[in-house]
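Worksheet for the structure shown next.
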Amino acid sequence: AKAVSWIETGSNDPLKFIIREHTENPIPGFGTEMSDRPLCDRPEIDLHTTACAVEYLFCKRERIPMYHEIEQVLGGLKRHYTRLMLPVENDHGVVDRIYYMTRKVHPAKRLTFHLVGEQ
272 AKAVSWIETG SNDPLKFIIR EHTENPIPGF GTEMSDRPLC DRPEIDLHTT
322 ACAVEYLFCK RERIPMYHEI EQVLGGLKRH YTRLMLPVEN DHGVVDRIYY
372 MTRKVHPAKR LTFHLVGEQ
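Written out as structure tokens, the structure is:
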């Protein structure tokens, strides 16, 4: 599976950054179908989307690579992965894209819940 993607960061509003060549994802609506769409065009604007927007904006403004190890539950799936983000500037010195690479630490797995007293 492809693990390198990039996001176009030309807008001043990080929710309008355009996701390019998004990687595959086992969570419906959050994989390759996100390619060529703005970050705000996610299936739902939630804490995950807001956190991504803040991280991309920080990376763009500070012009520094960022590394994260992320464990999250999204769409009923638990994911554990690492991500490296690299800001890239154009010929005018403006960071207009961020490349990011991901690596699964553990495969995504569906969470199951049981009510108290259930077996």
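Using my numbering, read the sequence shown as starting at 272 and increasing by one per residue. All residues carry an ideal CB built from backbone N, CA and C; glycine is no exception.
Take Ala274, set aside five residues on each side of it, and the residues of its chain with a beta-carbon closer than 7 Å to its own are Thr294, Met372, Thr373, Arg374, in chain order. Annotation: Met337 to Gly281 spans about 19 Å, alpha carbon to alpha carbon. Of all alpha-carbon atoms in Trp277, Pro358, Glu279, Arg381, the one lying nearest the alpha-carbon of Glu333 is that of Pro358.
By the neighbour-count criterion, in which a residue is buried when 16 or more other Cβ atoms sit within 10 angstroms of its Cβ, Ile341 is exposed.
The closest CA to that of Asn361, considering only Cys323, Arg291, Lys331, is found on Lys331.
Note on geometry: alpha-carbon atoms of Pro309 and Asp284 lie some 10 Å from one another. The Cβ atoms of Arg350 and Ala322 do not sit closer than 8 Å to each other. Separation of Leu345 and Phe329 (C-alpha to C-alpha, rounded to the nearest whole angstrom) is 23 Å. A Cβ-Cβ separation of about 31 Å leaves Thr353 out of contact with His363 under the 8 Å criterion. Distance check between Val325 and each of Lys287, Gly347, Leu348 places Lys287 closest, using alpha-carbon atoms only.
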